[in-house]
Amino acid sequence: MHRIPAGRRIVRRIDEPSAKGKKVIMIVHGLSGSSGDFVIMGPEKSLAYILADAGYDVWLANLRGTDYSSHVNLTKSEQKFWEFSFHEHGKYDLPAMIDHVLNVTGVEKIIYLGHSMGTTSFFTMMSMKPEYNDKLSFCVAMGAAIYLENVKPLAKLALVNLNLTNIMRERGVWGIQPSLVHWAVKNLCTLNQPEIDMCAYFIFSIIGEDREQHDLDIFPIYLQRIQMSPFRSLEHYGKIALTGVFTTFSGGVYGPVKPYNLTNVRIPVTLVYGENDQLTEKSQIMKLAEELKYNGVLEEVRPACSWPKFNHFDFLFAKDVGKLLNKPLVKLIDKLYNKYNLL
Numbered sequence: 001m002h003r004i005p006a007g008r009r010i011v012r013r014i015d016e017p018s019a020k021g022k023k024v025i026m027i028v029h030g031l032s033g034s035s036g037d038f039v040i041m042g043p044e045k046s047l048a049y050i051l052a053d054a055g056y057d058v059w060l061a062n063l064r065g066t067d068y069s070s071h072v073n074l075t076k077s078e079q080k081f082w083e084f085s086f087h088e089h090g091k092y093d094l095p096a097m098i099d100h101v102l103n104v105t106g107v108e109k110i111i112y113l114g115h116s117m118g119t120t121s122f123f124t125m126m127s128m129k130p131e132y133n134d135k136l137s138f139c140v141a142m143g144a145a146i147y148l149e150n151v152k153p154l155a156k157l158a159l160v161n162l163n164l165t166n167i168m169r170e171r172g173v174w175g176i177q178p179s180l181v182h183w184a185v186k187n188l189c190t191l192n193q194p195e196i197d198m199c200a201y202f203i204f205s206i207i208g209e210d211r212e213q214h215d216l217d218i219f220p221i222y223l224q225r226i227q228m229s230p231f232r233s234l235e236h237y238g239k240i241a242l243t244g245v246f247t248t249f250s251g252g253v254y255g256p257v258k259p260y261n262l263t264n265v266r267i268p269v270t271l272v273y274g275e276n277d278q279l280t281e282k283s284q285i286m287k288l289a290e291e292l293k294y295n296g297v298l299e300e301v302r303p304a305c306s307w308p309k310f311n312h313f314d315f316l317f318a319k320d321v322g323k324l325l326n327k328p329l330v331k332l333i334d335k336l337y338n339k340y341n342l343l
């Protein structure tokens with residue numbers, strides 16, 4: 001984990017003994033991401049910096065599989081290391097991180113904020129370990145990846161028709177490697193028209209088209225920091241897309257459907273969606289919202305901003321992400337913090 005204990009205008013010792021008045025938040029990244037996603041746009045735009053400047057003690061998670069993680073017994077060159085998904089994130093990684101943050105800061109509860117797979121891991125954890133309702137004050141879920149109807153055709157093609165992940169495993173490849181992404185971008189996405197347009201079309205068809213907010217300057221930096229995407233994680237998402245159920249991976253893609261128990265979520269949840277997010281599409285966010293509302297834990301479901309083309313990557317890398325999303329989002333978090341008498 002990485003920590004920003006205070007902002008530029010706030011003097012606070014990292015080992016400050018008193019928990020009184022501390023506003024502690026943990027931010028969790030998505031698939032192929034890391035803690036760097038929340039600082040890459042700089043202090044005026046990135047969520048982690050803006051929260052720190054607003055007085056929050058910010059903790060940035062790094063889930064297993066990132067450059068910042070390792071294993072006691074396994075190395076990253078072994079297949080067994082990579083056989084995990086957000087199930088393991090929710091069962092092992094997040095609880096350990098939350099307990100660590102609570103222990104270091106001395107607070108009774110922290111705020112949880114996740115993007116994409118960071119939300120999947122959250123709902124997985126809460127369904128299996130409901131005792132963590134007592135350790136979190138509320139959750140803000142951006143681009144929640146729980147229901148994935150739009151991904152169903154791609155999942156069917158890759159996992160069912162072509163059996164790509166198992167074919168690649170037979171060749172000693174256990175995930176989508178950063179080097180492969182770098183090669184594809186260098187050779188397929190930096191050419192002249194029409195190749196560059198086809199590359200952009202492919203990317204935008206998955207996440208939603210937003211050329212106006214696509215920052216070409218930050219894109220190479222993002223690619224340098226992209227993380228390995230294990231096939232198990234992709235297969236688990238594929239099973240959810242194919243079945244239409246937020247299910248465990250028990251038995252594999254074709255195994256029995258065993259839904260995660262979302263009724264175990266008992267803290268307020270705010271869902272934030274992108275109007276043009278094709279990966280975690282609005283109707284799928286609303287499906288989740290209805291479940292949470294029925295269970296009495298939906299705080300609010302709201303668009304990320306007024307920009308109609310806001311897509312899945314814009315949550316992190318939009319040119320104007322500070323103005324469009326992050327600064328208003330911090331005001332929302334302040335409001336929720338005060339509402340639940342956490343001062």
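Numbering follows full-length UniProt numbering, in which position 143 of the sequence shown is assigned residue number 143; successive positions increment by one, without gaps.
All C-beta atoms in this analysis are idealised placements derived from N, C-alpha and C, irrespective of residue type, glycine included.
Own chain residues within Cβ distance below 6 Å of residue i, not counting five before or after
i	result
residue 39	46 and 48
residue 336	138
residue 176	229
residue 261	127
residue 322	44 and 45
residue 35	2, 60 and 62
residue 213	314, 318 and 319
Unbroken beta strand (DSSP E) run spanning residue i, endpoints
i	result
residue 344	In the structure as shown, the chain starts at 1 and stops at 343, and residue 344 therefore has no counterpart that could be examined.
residue 2	2–4
residue 346	Since the displayed the chain opens at 1 and closes at 343, residue 346 lies outside it and no answer follows.
residue 58	56–60
Outcome for residue i when other beta-carbon atoms lying within 10 angstroms are tallied against a minimum of 16
i	result
residue 99	exposed
residue 5	buried
residue 227	buried
residue 157	exposed
residue 268	buried
residue 106	exposed
residue 276	buried
residue 314	buried
residue 221	exposed
residue 360	Residue coverage of the chain in this structure runs from 1 to 343, which leaves residue 360 outside it and unanswerable.
residue 210	buried
residue 134	exposed
residue 146	buried
residue 77	exposed
residue 306	exposed
residue 118	buried
residue 85	buried
residue 357	The chain is shown only over 1 to 343; residue 357 falls outside these bounds and no answer can be derived.
residue 217	exposed
residue 96	exposed
Beta-carbon spacing of residue i, residue j below 9 Å
i	j	result
residue 346	residue 273	Absent from the model: residue 346. The displayed extent of the chain is 1 to 343, so no value can be given.
residue 263	residue 295	yes
residue 108	residue 174	no
residue 116	residue 142	yes
residue 288	residue 310	no
residue 29	residue 74	no
residue 206	residue 71	no
residue 204	residue 278	yes
residue 243	residue 332	no
residue 31	residue 233	yes
residue 334	residue 54	yes
residue 223	residue 181	yes
residue 140	residue 241	no
residue 7	residue 79	no
residue 285	residue 265	no
residue 33	residue 316	yes
residue 231	residue 168	yes
Bounding residues of the alpha helix (DSSP H) (the contiguous stretch that carries residue i)
i	result
residue 26	Here residue 26 belongs to no alpha helix (DSSP H); instead the beta strand (DSSP E) covers 23–28.
residue 290	282–294
residue 233	231–243
residue 141	No alpha helix (DSSP H) contains residue 141, which is instead part of the beta strand (DSSP E) from 136–142.
residue 269	No alpha helix (DSSP H) holds residue 269; the beta strand (DSSP E) holding it covers 269–273.
residue 51	47–53
residue 337	327–339
residue 103	94–105
residue 167	164–170
residue 158	That residue, residue 158, is in no alpha helix (DSSP H); it is neither H nor E in DSSP.
residue 316	314–317
Same chain, Cβ closer than 7 Å to residue i, neighbours up to 5 away in sequence not counted
i	result
residue 159	165, 235, 238 and 253
residue 259	245, 246 and 247
Neighbourhood of residue i by C-beta, 8 Å cutoff - its chain only, sequence neighbours within 5 removed
i	result
residue 136	98, 109, 110, 111, 112 and 267
residue 42	49
residue 283	149
residue 340	137, 138 and 268
residue 299	138, 268, 269, 270 and 336
CB contact below 9 Å: residue i versus chain C
i	result
residue 210	Checking the listed chains, one finds no chain C in this structure; it contains a single protein chain.
Residue i: CB within 8 Å of a non-hydrogen atom of the ligand MG
i	result
residue 133	Of ligands this structure carries none, so the ligand MG is not represented either.
- Task: Give a yes or no on contact between the segment 47–65 and the segment 24–39, applying the rule of three or more CB pairs nearer than 8 Å.
- Result: Segment contact: the segment 47–65 against the segment 24–39, three or more CB-CB distances shorter than 8 Å; contact assigned.
- Query: Does the count of Cβ pairs from the segment 110–124 and the segment 79–94 closer than 8 Å reach three?
  - Reply: A contact exists between the segment 110–124 and the segment 79–94.
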